[in-house]
Amino acid sequence: MRQAMVAGNWKMHGLHARNEELLAALLPSLQALPDRDVEVVVCPPSIYLESVGRVLAALDGDIHLGAQNVCSQAGQGAYTGEVSVEMLRDVGCTHVILGHSERRTLFAETDEAVADKLRVALAAGLTPIVCVGEQLAEREAGETEAVVERQLTAVLAACPSDQLANMVLAYEPVWAIGTGLTATPDQAQEVHQFIRTRIARVDATMAGLVRILYGGSVKAANAKELFAMPDVDGGLIGGASLTTEFTAIVAAAGAH
Ligand code: 13P
């Protein structure tokens, strides 16, 4: 049985005062959820990891701290502007989002760069949440599986097979991100199943254990239907993670 996960990707949103306000509104409602069997992760901008982490730490590890990116070089070094896996661990991160489409398209992150980051994240004991997904033109050209297969092949080449279950995948169709256009539950299931089948070619047991999240305009109103699909194990949430709607999405994931 795979434990559901819901991760909030705050992207480049927040300021100290706003973060405090959001956490003050959000955390009590999350904690009040009865029998919550959902791994919950909050991923603020890196400059706020430490301050948000301090608030989360007071909750006894109930809610995890994740980063949105990491340097592909581990250790210390002359990499201006970068943050290492050790630094993420040092401020209390347990998770890290890798290969988000915004990083791939706006910051030219290649499949190889994502794979390099995955290697260092796994070696450091962080749980990577690796994003894959097609652009609208690729879906319209019938290339969804080919694109996801290409992205996934790089990921699987970087992940030792005995560590497959330590990785979380997130299917985020780029056309559904921040657009209000959600993939239908059937569209999501189709790609999630494709991903799991592809992983099963490496290791069938591990494929049954890997969690695959859906991301792209997940809201309280559509979360339940999406999470009800057999290969959808939770969500990676953008806009709705900046409001108390996030709690309803976590509750929806716990209902399965
Ligand atoms: P939205 O939920 O705002 O569409 O963003 C999804 C996303 O990119 C999460 O990583």
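The numbering of the sequence shown is the numbering used here, which starts it at 9 and goes up by one. Ideal placement from N, C-alpha and C gives every residue a C-beta, glycine not left out. None of these values were measured; they are calculated from a predicted model.
Please report the distance separating the alpha-carbon of Glu-151 from that of Glu-142. 8 Å
Taking 8 Å as the cut-off, decide whether the C-beta atoms of Val-122 and Val-78 are in contact. no
Specify, as a first and last residue, the run of the alpha helix (DSSP H) that Leu-30 falls within. 24 to 39
Within the continuous alpha helix (DSSP H) that includes Gly-262, where are the two ends? 253 to 262
Across which residues does DSSP place Pro-193 in a beta bridge pair? Paired residues: none, contrary to the question.
Near Lys-125, which residues of its chain fall below 7 Å by C-beta distance, leaving aside the five closest residues on each side in sequence? Val-78, Ser-80 and Leu-106
Sort out for me which residues DSSP pairs Tyr-222 with in a bridge. Tyr-179 and Gly-243
Those residues which DSSP pairs with Pro-136 across a bridge: Val-104
Where do the N-terminal and C-terminal ends of the beta strand (DSSP E) with Gly-74 fall, by residue? 71 to 75
Quick one: using the 10 Å Cβ neighbour count with 16 as the cut-off for buried, is Met-13 buried or exposed? buried
Hey, would you say the C-beta of Leu-114 is under 7 Å away from at least one heavy atom of the ligand 13P? no
Cβ contact (3+ pairs, closer than 8 Å) linking the region 86 to 96 and the region 110 to 118: no
Go ahead and pull the three-state DSSP assignment for Glu-142. coil
May I have the straight-line CA-CA distance separating Glu-233 from Ile-185, to the nearest angstrom? 18 Å
Can you say whether Thr-161 is buried or exposed, counting buried as having 16 or more other CB atoms within 10 angstroms of its CB? exposed
Contact the region 201 to 216 vs the region 242 to 259: 3+ CB pairs below 8 Å: no
Anyone know if the C-beta pair for Pro-53 and Met-20 falls short of 8 Å? yes
What's the C-alpha gap between Gly-224 and Pro-181? 7 Å
Is DSSP giving Gly-186 helix, strand or coil here? coil
Unbroken alpha helix (DSSP H) run spanning Gly-16, endpoints: Unbroken run through Gly-16 is the beta strand (DSSP E), 12 to 17; no alpha helix (DSSP H).
Please indicate yes or no: does the CB of His-103 lie closer than 7 Å to some heavy atom of the ligand 13P? no
In whole angstroms, what is the alpha-carbon distance linking Gln-159 and Val-140? 6 Å
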